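Enquirer: Dropping a structure here in structure tokens format, bear with me for questions.
There are 2 protein chains.
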Amino acid sequence: MSRFTVATQSNSHSFHLADPCDTCRARDFSACAPLDAEEQSRLTAITRTVQATPHRAIFEEGDPADNVYTLTAGAVKIYKSLPDGRRQITGFLFPGDFLGLTHNESHAYSAEALTLTRLCRFPRRRLEALLDEIPRLEQQLLRMASHELAAAQAQIMLLGRKSARERLVSFLLMLSNGAVRRGQRGDPVSLPMNRSDIGDYLGLTIETVSRTLTKLKTTGLIELLDDKQIHLAKPEALREIAEGF
Amino acid sequence: MSRFTVATQSNSHSFHLADPCDTCRARDFSACAPLDAEEQSRLTAITRTVQATPHRAIFEEGDPADNVYTLTAGAVKIYKSLPDGRRQITGFLFPGDFLGLTHNESHAYSAEALTLTRLCRFPRRRLEALLDEIPRLEQQLLRMASHELAAAQAQIMLLGRKSARERLVSFLLMLSNGAVRRGQRGDPVSLPMNRSDIGDYLGLTIETVSRTLTKLKTTGLIELLDDKQIHLAKPEALREIAEGF
DNA sequence: CGGTCCTTTGACACAGGTCAAGTAATGTGG
DNA sequence: CCACATTACTTGACCTGTGTCAAAGGACCG
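In order, the protein sequences belong to chains A and B.
Take the first sequence: its letters are residues 16 to 260, numbered as in the working numbering.
Take the second sequence: its letters are residues 16 to 260, numbered as in the working numbering.
In structure tokens:
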């Protein structure tokens, strides 16, 4: 995985756990203690690569939490539901992201692929056993978890106090920054999810998402190349809107 | 847009790091690998007990993240702010909870005591050094972080999809459950924070908080013993409301 | 006993939700 | 290649839950 190769999304982040240094770079982690060859091979020994197709659950809220995953290609949504059908998407995951880590017996959320997706699956018991033996693995997990926690708090701020416009703009910038971090282009932001998923992520309805995007377009802040491709016409102005100025 | 407050993180338990087994029990963690006497004394060697008084910041968003804390007595709010003063409390912390863990150079949120509060302070560098030497310490942290993450997702669901009534009821039950976990009585729920903090936590205004509590009272679901003391008159009904039935 | 802070309550406004219709893109079977 | 269905997105008209603004009551305090 040389830094000089063109970043093809599929490879640059596979084996998140097995290739932590790459992950660190990609995610701006402050420190990085890569696994050595022997540790990596022990980790690899318990992983299986699996595929997930859109609209099929990877696991559902309440399912026994027997496996843990890292995403190596594609995109995934994780969400919680209320009995009457209201949904809240708590996150969109991209290559390098982690899925299913918990200390409970069952998953607290459902996970579903947005596109054709490749995952590394780790049996939880065996991964936990490895954690005891490879401290650096645990360090990586802790780093990732505290990163997730910071992201969750940003999302809490977004949902608790931002307007629809601020939410949409924050969302576009998040996607853009995420793409850049993964070595892809950040400007025409590509949305692998539909309007309904965006609404369920931002705590809005489909209609509000659509209307708000239209208004951003007519204001000249963004350009809708097509439904799922957005050009950030005035990135500075967008940044200010997202930050709440 | 005057005052909003900040921050969420859920519940932790006293001397979390110094007394992990107690923590585990209190939090229903699935496994528990307590530190041995020697490990504990090494941890204790780097801790200082400090006090925090209400309305004085423990640290602020952007401050260098030099210390990590566990709360041993009192209550703390953590919050993020937008430039125009909007605030979102991302968590209320109680004895046993953890404060300030991050992999960034600076804190992503502010922390402020609600009541007279006692904290254990760990210099971050020395704690990180210990992590390398005491794997079980890191295991505890990971457990705590993944617990926080689950709580953050519940809060995301609350903010994204629940009504004001559902939010208030969920909040009361959270406080009640938290108190029980810490070995206190869960029924007259005591609110160490004011209405403004509740609003800033639930993504509502003071007025909506007040009105909604009044309505819950006139419906007979709760009883307001005083401003900060609430009796859960119909716990089953409340539970259903919180879950979104 | 006047001031300050917190909470409650009321009247009204508005952002975003709901309901409904229309348009466009894509697929499907004949 | 064309009807036709399906799905996703947009737009409009209207409604409602919550926010905003204002005022008043209570508790606490010097």
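A virtual CB, placed ideally from N, CA and C, is assigned to each residue, including glycine.
Model, not experiment: these values are computed from the prediction.
Leaving out five residues before and five after B:L228 in sequence, what residues of the same chain have Cβ atoms less than 7 Å from its Cβ?
Expert: Sequence index remark: in the second sequence, residue 228 of chain B carries index 213 (1-based). Cβ neighbours of B:L228 beyond the five flanking positions: L183, L239.
Enquirer: Keeping to the same chain, check which residues put their C-beta closer than 7 Å to that of A:E76; ignore five residues upstream and five downstream.
Expert: Residue numbering aside, residue 76 of chain A sits at position 61 when the first sequence is read from its first letter. Excluding positions up to five away in sequence, the list reads K95, S96, H122, A123, Y124, S125.
Enquirer: Among residues of its own chain, excluding the 5 on either side of B:R141, which ones have a beta-carbon nearer than 6 Å to its beta-carbon?
Expert: Position 126 of the second sequence, counted from the first residue, corresponds to residue 141 of chain B. Same-chain partners within the cutoff: I61.
Enquirer: Under the DSSP definition of a beta bridge, which residues are partnered with A:T85?
Expert: Indexing the first sequence from 1 puts residue 85 of chain A at position 70. In the DSSP output, where bridge partners are listed per residue, A:T85 has A:F113, A:C135.
Enquirer: Just how far apart, CA to CA, sit B:D242 and B:P203?
Expert: Taking the first residue of the second sequence as position 1, residue 242 of chain B is located at position 227. Taking the first residue of the second sequence as position 1, residue 203 of chain B is located at position 188. Cα-Cα distance, rounded: 12 Å.
Enquirer: Tell me whether the region 138-153 of chain B and the region 199-215 of chain A touch, counting them as touching only if at least three CB pairs, one residue from each stretch, are closer than 8 Å.
Expert: No, the region 138-153 of chain B does not touch the region 199-215 of chain A.
Enquirer: Under the three-state reduction of DSSP, which class applies to A:H162: helix, strand or coil?
Expert: Here residue 162 of chain A refers to the residue found at position 147 of the first sequence. Helix at A:H162.
Enquirer: Of the residues A:G235, A:I256, A:F260, which one's Cα is nearest the Cα of A:H246?
Expert: Position 231 of the first sequence, counted from the first residue, corresponds to residue 246 of chain A. For A:H246, the nearest C-alpha among the options comes from A:G235.
Enquirer: Give the DSSP-derived three-state secondary structure of B:Q199 in the structure shown.
Expert: Within the second sequence, residue 199 of chain B is the residue found at index 184, counting from 1. In the structure shown, B:Q199 sits in coil (DSSP, three-state: anything other than H, G, I, E or B).
Enquirer: Going by DSSP in three states, A:P250 sits in which element: helix, strand or coil?
Expert: The sequence position of residue 250 of chain A within the first sequence is 235, counting from 1. Residue state, collapsed to three classes: helix.
Enquirer: Is the separation between the beta-carbon of A:G115 and that of A:V83 shorter than 7 Å?
Expert: One-based indexing of the first sequence puts residue 115 of chain A at position 100. One-based indexing of the first sequence puts residue 83 of chain A at position 68. Yes.
Enquirer: Hey, B:T132 and B:V195: beta-carbon distance below 7 Å or not?
Expert: Here residue 132 of chain B refers to the residue found at position 117 when the second sequence is read from its first residue. Here residue 195 of chain B refers to the residue found at position 180 when the second sequence is read from its first residue. Not closer than 7 Å, so no.
Enquirer: Which residues, in chain order, does the region 140-162 of chain B contribute to contact with chain A at a C-beta distance below 8 Å?
Expert: Those would be L146, D147, P150, E153, Q154, L156, L157, R158, A160, S161, H162, in chain order.
Enquirer: If you drop the 5 nearest sequence neighbours on each side, which residues of the same chain put their C-beta closer than 6 Å to that of B:G218?
Expert: The residue you call residue 218 of chain B lines up with position 203 of the second sequence. Cβ within range, chain order: L174.
Enquirer: Can you tell me which of the three DSSP states A:S211 falls into?
Expert: On the first sequence, position 196 is the one that residue 211 of chain A refers to. Correct three-state label for A:S211: helix.
Enquirer: Can you pull the chain A neighbours of B:L98, defined as C-beta to C-beta under 8 Å?
Expert: To locate residue 98 of chain B, count along the second sequence from 1; it is residue 83. Looking at the sequence itself, residue 98 of chain B is Pro, so the reference to Leu does not match. Those are E258, G259, F260, listed as they occur along chain A.
Enquirer: Can you grab the Cα-Cα spacing for the pair B:H4 / A:T130, in whole Å?
Expert: Residue 4 of chain B is absent from the model: chain B starts at 16 and stops at 260.
Enquirer: Quick check on A:I104: does DSSP put it in helix, strand or coil?
Expert: The residue labelled residue 104 of chain A in the question sits at position 89 within the first sequence. Strand.
Enquirer: Would you say B:I221 lies against chain A (beta-carbon separation less than 7 Å)?
Expert: Here residue 221 of chain B refers to the residue found at position 206 of the second sequence. No, because no Cβ of chain A sits closer than 7 Å to the Cβ of B:I221.
Enquirer: In the DSSP output, what is A:D241 paired with across the bridge?
Expert: Here residue 241 of chain A refers to the residue found at position 226 of the first sequence. Answer is A:Q244.
Enquirer: Are the CB atoms of A:T223 and A:A179 nearer to each other than 7 Å?
Expert: On the first sequence, residue 223 of chain A is found 208 positions in, with the first residue counted as 1. On the first sequence, residue 179 of chain A is found 164 positions in, with the first residue counted as 1. Cβ distance < 7 Å, so A:T223 and A:A179 count as in contact.
Enquirer: If we count the other Cβ atoms within 10 Å of its Cβ and call it buried at 16 or more, is B:S161 buried or exposed?
Expert: Within the second sequence, residue 161 of chain B is the residue found at index 146, counting from 1. Buried, by the Cβ-count rule.
Enquirer: Do you know offhand how far A:D78's Cα is from B:R63's?
Expert: Translated into positions along the first sequence, residue 78 of chain A becomes position 63. Translated into positions along the second sequence, residue 63 of chain B becomes position 48. Taking the straight line from one Cα to the other gives about 42 Å.
Enquirer: Quick one: give me the first and last residue of the beta strand (DSSP E) that B:E8 is part of.
Expert: Since the first residue shown for chain B is 16 and the last is 260, residue 8 of chain B is missing from the structure and cannot be characterised.
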